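Peer 1: Please find one structure pasted underneath; my questions will follow.
Residue numbers (my numbering): 1 to 230.
Rendered as structure tokens:
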């Protein structure tokens, strides 16, 4: 196992950042520790049909669970300004307030990505690591239902591709909300080529339009236009 620090700036989506890091490392792992605060937390409570959203100056207490290139399974607990504790399954839309520092451990002898679902991957890793997966509860009138919005930026990446890793790192470091598609099969690659007219990876889409790969993303960043997509 090797431990990797992850520092997140204001406005960064906590779950998307961990998903991107796992794809970049192309390995399964687990969260070792976290310190930081949130401006809003999105979490799935037991028995609820939709995720819930809590806004305010929120302090992260714990973040436990597993990450892998196929997805993440994480439980978040946090405290509000009245020291009331909330928690549940971490969802997209959980945003960093001032900063968050995480330490993520990755298994160094992991094999190539498999087609197993995020749920099965999480269950397998939890058994292997002996981690606890207890439910966290939170409910009350101050919690809103969360309506998920698709990020404007989407990126298709290839495991082990250095330019895919650089593009993901840039989006994560700048706190740009983004959706990641990991291309694993020939059929997925052909479908992507039909959509974009490009054969190389990564491929970056903004508002559904392909702008190119890593070089195009770096050019946007150099002009200062990438920050407008936060």
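C-beta: ideal position from N, C-alpha, C; glycine also. Please read all numbers here as calculations on a predicted model, not as lab measurements.
Within 10 Å of its beta-carbon, does residue 213 have 16 or more other beta-carbons around it, so buried, or fewer, so exposed?
Peer 2: Classification of residue 213: buried, given that the 10 Å Cβ count is 16 or more.
Peer 1: When the Cα of residue 204 is compared with those of 184, 178, 78, 99, which residue comes out closest?
Peer 2: Of the candidates 184, 178, 78, 99, the one whose C-alpha sits nearest the C-alpha of residue 204 is 178.
Peer 1: What number of angstroms, rounded off, separates the C-alpha of residue 16 from the C-alpha of residue 92?
Peer 2: Each residue's Cα considered, the two are about 7 Å apart.
Peer 1: Can you tell which of 154, 198, 33, 193 has its C-alpha closest to the C-alpha of residue 62?
Peer 2: Nearest option by C-alpha distance: 33.
Peer 1: Can you give, in chain order, each stretch of the alpha helix (DSSP H) that sits fully within the region 186-216 and has at least 4 residues?
Peer 2: Correct list: 186-196.
Peer 1: Have a look at residue 43 and residue 69 and give me their C-alpha separation to the nearest angstrom.
Peer 2: Approximately 21 Å between the Cα atoms of the pair.
Peer 1: Just curious, the alpha helix (DSSP H) that residue 24 is in, first and last residue?
Peer 2: Counting along the chain, the alpha helix (DSSP H) containing residue 24 begins and ends at 14-25.
Peer 1: Helix, strand or coil, according to DSSP, for residue 59 in the structure here?
Peer 2: The answer is strand: DSSP assigns residue 59 an E or B state.
Peer 1: According to DSSP, simplified to helix, strand and coil, what is residue 73?
Peer 2: DSSP places residue 73 in strand when its eight states are reduced to three.
Peer 1: Nearest by alpha-carbon distance to residue 158: which of 195, 172, 169, 200 is it?
Peer 2: Residue 158 has its Cα closest to that of 200, out of 195, 172, 169, 200.
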